[in-house]
Amino acid sequence: MAGNSFGKLFKLTTFGESHGEAIGGIIDGCPSGLKLDFDAIQNELDRRKPGQSKIVTQRKEPDTVEFLSGVFEGVTTGTPIGFVIKNTNQKSKDYSHIKDVYRPSHADYTYDKKYGVRDYRGGGRSSARETASRVVAGAIAKQMLSSIKINAFTSSVGDIFIDKPYQDLDFSKIESNIIRCPDEASAERMIARVQEVKKEGDTIGGTITCVLQNVPVGLGEPVFDKLHAELGKAMLSINAVKGFEYGSGFCGAKMIGSEHNDKFNEDGTTQSNLSGGIQGGISNGMDIYFRVAFKPVATTLQKQETINSKGETVEMQGKGRHDPCVVPRAVPIVEAMAALVLADYTLLRRQESNDWK
Ligand SMILES: Cc1cc2nc3c(=O)[nH]c(=O)nc-3n(C[C@H](O)[C@H](O)[C@H](O)COP(=O)(O)O)c2cc1C
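Following my numbering, the numbering of the sequence shown begins with 390 at its first residue and continues without gaps.
This is the structure we're talking about:
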């Protein structure tokens with residue numbers, strides 16, 4: 390299986406399946422001399438972990454990370470950082486009913502057809518459990534980028550949206566509720582909607598907005614590795630993601646140029662920021678902001694018709710502990726993937742910029 394690594398200079402490779410011994414990763418290229426705050430890393434994992442509130446899956450995994458290499462007396466050594474997170478709460482028999490059955494809109498059919506060997510327990514490698522390793526690496530990347538602010542939050546659940554621009558939100562409130570929405574009134578409505586859907590054994594989609602502030606001018610590698618292209622790839626690699634837009638996004642397509650152009654101030658900042666902080670694939674120093682759309686996840690607890698590996702029509706019903714809505718747990722994953730891109734592009738810029746002296 391290829392495609393398990395992300396990044397060019399700050400490079401993460403992840404391994405592991407949902408119900409195997411452990412998941413983990415290797416970060417190659419993290420600079421030496423970075424003093425790690427291990428509590429901050431664990432805190433990011435706790436924001437992603439299952440069982441954290443009544444509106445997420447009730448699996449109980451402590452998700453404790455153990456570092457195996459690349460760190461000496463709390464400081465990175467410049468050698469590969471290896472880490473593992475043990476799997477401790479597997480209930481593989483919750484999945485025996487789908488051993489030969491493909492859940493509609495999950496990865497069961499495509500993995501089976503491609504590899505011919507299917508680890509059906511907990512979704513195997515296709516499980517979002519893999520993203521815990523991304524969160525560890527992202528937490529280290531965040532520490533490397535301490536002057537950049539990275540904030541993601543739930544901006545919609547179903548058709549309930551925050552109806553304010555991000556500039557009017559107080560990011561210090563993101564963690565004040567279980568849906569991770571900084572607008573209290575919207576948060577309450579979103580939580581109620583998830584609970585309603587959960588009661589019916591169904592699932593619901595949503596969006597996460599992410600804002601990157603204090604990003605220096607000059608991150609991004611034209612032409613194929615534009616900063617927004619890499620952010621898009623990072624976000625679209627997260628399980629259940631169906632859409633990515635940055636800056637004016639799809640709304641920009643409805644506008645005319647005289648409305649859309651960001652007028653310069655004399656210091657190079659712009660009066661508006663429909664470009665979303667990136668022009669020509671390179672950061673321009675303004676806020677970078679983007680939205681990521683998550684589908685309602687596939688495993689509903691309702692009866693559905695599907696097929697089995699023999700191609701026969703069968704009825705199945707999801708069992709076990711699933712997320713009715715993934716966005717609250719995906720907020721730290723979005724931040725982690727953004728941090729990985731910025732760390733990688735910061736190292737690339739050091740190599741290639743015209744201010745290397
Ligand atoms: C944080 C998070 C939690 C998830 N939890 C579940 C879940 O409980 N049940 C489920 O069917 N899918 C869940 N998913 C989504 C699946 O991993 C994903 O839909 C599946 O791998 C198929 O990939 P695709 O939807 O990207 O095509 C979750 C995704 C994320 C990001």
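All C-beta atoms, glycine included, are put in the ideal place defined by N, C-alpha and C. A quick note: this is a predicted structure, and the numbers were derived from the prediction, not measured.
Around ligand 1, the residues selected by a Cβ distance under 7 Å to any of its heavy atoms are Arg-437, Thr-446, Arg-492, Ser-494, His-495, Ala-496, Gly-512, Ser-515, Ser-516, Ala-517, Thr-520, Ile-627, Asn-628, Ala-629, Val-630, Phe-683, Lys-684, Val-686, Ala-687, Thr-688, His-711, Asp-712, Val-715, Arg-718, Ala-719 and Ile-722, following chain order. Contact holds between the segment 568-577 and the segment 536-544, because three or more Cβ pairs, one in each stretch, are under 8 Å apart.
Lys-424 places its beta carbon less than 9 Å from that of Val-464. Close CB contacts of Lys-475 within its chain, under the 8 Å cut and outside five residues either way in sequence, are with Glu-410, Ala-411, Thr-453 and Glu-455 (chain order). Bounds of the beta strand (DSSP E) holding Arg-680 are 677-683. The count of Cβ pairs closer than 8 Å, one atom from the segment 581-598 and one from the segment 645-657, stays below three, leaving the stretches out of contact.
Within 10 angstroms of the beta-carbon of Ile-537 lie 16 or more other beta-carbons, which makes it buried. Taken atom to atom, the span from the alpha-carbon of Ile-671 to that of Lys-692 is near 48 Å. In the structure shown, Leu-620 adopts helical secondary structure according to DSSP, grouped into three states. Non-local C-beta neighbours of Ile-580 in its own chain, meaning closer than 8 Å and more than five positions away in sequence, comprise Ile-444, Asn-566, Ile-567 and Ile-568, ordered along the chain.
Straight-line spacing of the CA atoms in Ser-664 and Glu-694 works out to 45 Å. Taking C-alpha positions only, Pro-605 is separated from Lys-708 by approximately 47 Å. Residue pairing by DSSP places Tyr-635 opposite Phe-679 in a beta bridge. Contact between the segment 551-567 and the segment 607-626 is not established, with fewer than three Cβ pairs separated by less than 8 Å. The Cβ-Cβ distance between Thr-735 and Phe-395 does not fall below 9 Å.
For Ile-722, the enclosing alpha helix (DSSP H) begins and ends at 716-741. From the listed residues Gly-511, Asp-552 and Val-583, the smallest Cα separation to Pro-713 is found for Val-583. Sixteen is the threshold: since fewer than 16 other Cβ atoms of the shown chains lie within 10 Å of the Cβ of Arg-739, the residue is exposed. The shortest CA-to-CA distance from Ser-458 to any of Lys-438, Ile-415, Ala-719 and Thr-689 is the one to Ile-415.
Ala-719 and Ile-597 do touch by the CB rule: their CB atoms are close to 6 Å apart, below 8 Å.
Around the C-beta of Lys-438, 16 or more other C-beta atoms lie within 10 Å, and the residue is accordingly described as buried.
Taking the Cα positions, Leu-620 is about 33 Å away from Glu-462. Check the Cα spacing between Gly-471 and each of Tyr-509, Gly-413, Ile-430 and Val-506: the tightest is with Gly-413.
Looking only at Ala-623, Ala-429 and Cys-640, the smallest Cα-Cα distance to Asn-393 is reached by Ala-623.
Where Thr-543 is concerned, the enclosing beta strand (DSSP E) starts and stops at 538-546.
In terms of Cβ geometry, Phe-639 and Val-681 do not form a close pair [threshold 9 Å]. The continuous beta strand (DSSP E) containing Gln-602 extends over residues 595-602. Scanning the segment 495-522 for uninterrupted alpha helix (DSSP H) segments of 4 residues or longer gives 497-504, listed from N- to C-terminal end. One alpha carbon belongs to Gln-660, the other to Ala-517, and they sit about 40 Å apart. The alpha-carbon separation between Ala-526 and Val-686 amounts to approximately 25 Å. In this chain, Gly-471 is not harboured by any alpha helix (DSSP H); it is covered by the beta strand (DSSP E) spanning 470-475.
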